Amino acid sequence: MSAEEREAARGMMRKGELGRSPGEQRAEFDELFANLPLGDDVTLSERTLGGVPALDVRVAGADQDGVILYLHGGAYVIGSARTGANLAAPLSRRSGVPAVSLEYRLAPEHPFPAGVHDALAAYRELAGQNVVIAGDSAGGGLALALLLAARAEGLPQPAGAVLFSPWTDLTLTGPSIDARDGYDPLFSRPNMAESAELYLGGADPRNELASPLFADLTGLPPLLVQVGTAEVLLDDSLRLVARAAEQDVDVSLDVVAGAPHVYQYFAGLLPEADEALDHAATFLQNRLRDKSVGAVA
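First residue of the sequence shown? That's 151 in the working numbering, and the numbers climb one at a time after it.
As structure tokens, this is what we get:
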């Protein structure tokens, strides 16, 4: 991806206006992302997991053992299982593993920790299977919170987790929150603070299930983190990876210079987006294979 292509990708994004209601934000987000074509080989069907609505994301030929539990992004305020399918489907297609995208409850109607409870309920039902987790943005942070909640409950850990531009620190203490403000075409500190306030509903932002960056990560399964440098959330990934490594968690990091938030959405347009999804799919395949033969996660 040339510098011009990366600049063009950033130019396709714009910062949201502050003060809009959650309903207005959801309508705009759905208009952009809830009806993107998934491919003629994809079938969506409604289901529930642990009482939580979800979508089975079935890609023709993706019938290998295991399941990808996908947690969508949207700052815990917007997004849906359908928008999550936009990334769950290509992961399933590339890995050959079926996926399910979760419709976890959103703030402010259902503030923290409702989304964590929903993710855990869904995972609890899947835990007897060979499971991997994936999520983007807030869904990446929720994926980490799910791993922590599962550990606290004594559930087995999934084989691994893929995190696209995860939001891991709701205290907004990463230097990139301010340093990358003019570079990030999508978010700024005021945007993130507004969403964090809606999600937390007065809860402590340092709670490890809200800001898993501050948690003890010991014993978590292998992680793959992907992030672009044109993100105010860059340090949410860099600090997470460093902390995971310090606590003996297997962790890999992909950083693409000049790429925007969740640049995987540009698959088919930008080579690095396709490469990122290919790498993520290979990671998931390898983790499921290793877990199935009894390797230590």
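Ideal placement from N, C-alpha and C gives every residue a C-beta, glycine not left out. Quick caveat: nothing in here was measured; it's all calculated off a predicted structure.
The C-beta of residue 164 has fewer than 16 other C-beta atoms within 10 Å across all chains shown, which makes the residue exposed. In chain order, 168 place their CB closer than 7 Å to the CB of residue 340, counting only its own chain and leaving out the 5 sequence neighbours on each side. Ranked by how close their Cα comes to the Cα of residue 217, the residues 191, 337, 310, 162 have 310 in first place.
Going by beta carbons, residue 316 and residue 227 fall outside the 8 Å limit. The beta-bridge partner set that DSSP reports for residue 262 is empty. By the CB criterion at 8 Å, residue 322 and residue 346 fall inside the cutoff.
DSSP places residue 220 inside the beta strand (DSSP E), whose first and last residues are 217 to 221.
The continuous beta strand (DSSP E) containing residue 198 extends over residues 192 to 199.
Ranking 397, 373, 418, 274 by CA distance to the CA of residue 432 puts 373 first. Residue 326 carries a helical assignment under DSSP once its states are collapsed to helix, strand and coil.
If you keep only unbroken beta strand (DSSP E) runs of at least 3 residues inside the region 290 to 336, you get 311 to 314. Distances from the alpha-carbon of residue 434 to those of 233, 408, 401, 417 put 401 closest.
Take residue 399, set aside five residues on each side of it, and the residues of its chain with a beta-carbon closer than 6 Å to its own are 367, 370, in chain order. Going by beta carbons, residue 248 and residue 231 fall outside the 8 Å limit. Cβ-Cβ separation between residue 156 and residue 409: approximately 6 Å, consistent with a contact (criterion under 8 Å).
Cβ atoms of residue 199 and residue 272 come within 8 Å of each other, at about 4 Å. For a cut-off of 8 Å, the C-beta gap from residue 210 to residue 241 is around 15 Å, too long to register as a contact.
In terms of CA proximity to residue 439, 308 leads the group 286, 387, 308. In the DSSP assignment, residue 237 falls within the alpha helix (DSSP H) that extends over 231 to 245. Looking at the backbone, the Cα of residue 297 and that of residue 178 are separated by about 31 Å. The alpha-carbon of residue 393 is positioned some 20 Å away from that of residue 406.
Its chain contains 379, 380, 381, 382, 384 as the residues whose beta carbon lies nearer than 8 Å to that of residue 330, once the 5 sequence neighbours on both sides are disregarded; these appear in chain order.
Around residue 364, the same chain offers 356, 358 as residues with beta carbons nearer than 7 Å, after the five sequence neighbours per side are excluded. As DSSP reads the structure, residue 272 sits in no beta bridge.
Close CB contacts of residue 312 within its chain, under the 7 Å cut and outside five residues either way in sequence, are with 284, 374, 430, 433, 434 (chain order). For residue 203, the enclosing beta strand (DSSP E) has its first and last residue at 202 to 209. For residue 185 and residue 235, the gap between their C-alpha atoms comes out near 10 Å.
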